[in-house]
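Below is one structure, written out as structure tokens, with a few remarks after it.
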Amino acid sequence: MSQTLTANVSSLFAQEISKGISLIVPSKATVPYMEISPDEADAINSYLNVQLEILKNNAPVLYSIVEPQKSLVTKVAGMFKAAIQGKSTYAFPPSPGNLGVAFAIPELIQYASGVPTSYLPGSWRIPTTAGTPVYPLGSSTAYYTSSSTENQRAFLLIFQNGLAEVNTTPTYRQMQVTTQTSPNWGPMTIEPMVDVYVEKGKSYYVYPTPGAIIVPYNVGVKMGLMPYKTVPDGVDTRLIGVVFYEYNFYSNLVY
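FYI, the numbering for the sequence shown is -6 to 248, going by this note's numbering.
Take a look at the structure:
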């Protein structure tokens, strides 16, 4: 078994911080971390490169947000591996006993019945009532964590500015992200041009966030949004991020 290590947050993410990327992490000072092997990094990058090439063509603005944060993925992969005591190795595609990475989809965010979120089941849609907060992650009374089930554990990384609304005029003007270790962080307002198309001819909007958000399985995170419109059928509100997981967490197609 590989040895579990820890790393200083400011040192581990110095490269990203120098680029203006802020981090919301489950610990203020240190995090579990171990270097992944070159073969593991190649496996992760093989998956990412395929996805990013498509994203570059389909949504250039989102690509320009995600691509500079690519180095975060291998580092958070090392955090997840250390958190589970280095028992497995990353592969693409993963096989039994491996670790995997996947872009976040509703089925992986809502990995179990009762996971606290405002999303409709199996969907990116969130029904809104003007003046009532909604929660892509968590609820008014509960924090969201990734899966902690033995052999099905996971971490979630949401990229900085990795929140997009699709096919509607923007619905939210305020956001608040807190964690169980920092429950008193205040909210932030959204820039005043939020109701302008992010890209000519594209009906989606990108919201600024307070940083890249790491969601482990043992410390909760809450992301709240305040809508100023009522949309009973739901607003398409997508988290742009990556899930790190043990093979049994996502070993078959899910719905």
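Virtual Cβ for every residue (Gly too), placed ideally from N, Cα, C.
Beta-carbon within less than 8 Å of residue i's beta-carbon, same chain only, minus the 5 sequence neighbours each way: which residues are those?
i    : result
A22  : N1 and V2
E26  : The amino acid occupying residue 26 in the given sequence is Tyr; Glu does not appear at that position. If we look at Y26 and ignore the five residues flanking it on each side, its Cβ neighbours are L(-2), T(-1), A0, L5, K68, G71, M72 and A75.
T174 : P19, S20, K21 and V212
G179 : Q169
With DSSP as the reference, label residue i as helix, strand or coil.
i    : result
E158 : strand
M72  : helix
I10  : helix
I77  : coil
I207 : strand
P25  : strand
Given a cut-off of 8 Å, decide if residue j and residue i are closer than it, judged by their beta-carbon atoms.
i    : j    : result
Y284 : G217 : There is no way to answer for residue 284, as the model of the chain reaches only from -6 to 248.
P209 : S132 : no
V199 : L55  : yes
P99  : G93  : no
L150 : A205 : yes
P203 : S39  : no
I77  : G227 : no
V108 : Y136 : no
Please report whether the beta-carbon of residue i lies at a distance below 8 Å from any beta-carbon of chain C.
i  : result
N1 : Looking for chain C here will not work: only one protein chain is present.
Tell me the rounded alpha-carbon separation between residue i and residue j.
i    : j    : result
S30  : S244 : 23 Å
L65  : A52  : 20 Å
Q62  : Q169 : 22 Å
S141 : A123 : 34 Å
Y248 : S11  : 39 Å
L41  : I58  : 14 Å
W117 : L48  : 18 Å
Quick check on the DSSP output: the beta strand (DSSP E) that includes residue i runs from which residue to which?
i    : result
P120 : R118 to T121
E258 : Given a span of -6 to 248 for the chain in the structure shown, any question on residue 258 remains unanswerable.
L92  : L92 to F96
Q167 : Y165 to T172
Kindly list the residues whose CB is nearer than 7 Å to the CB of residue i, restricted to its own chain and excluding five residues on each side of it in sequence; keep chain order.
i    : result
G234 : A97, L149, L150, I151, F152 and G155
Under 6 Å Cβ to Cβ from residue i, same chain only, skipping five residues before and after it: list those, please.
i   : result
G13 : none
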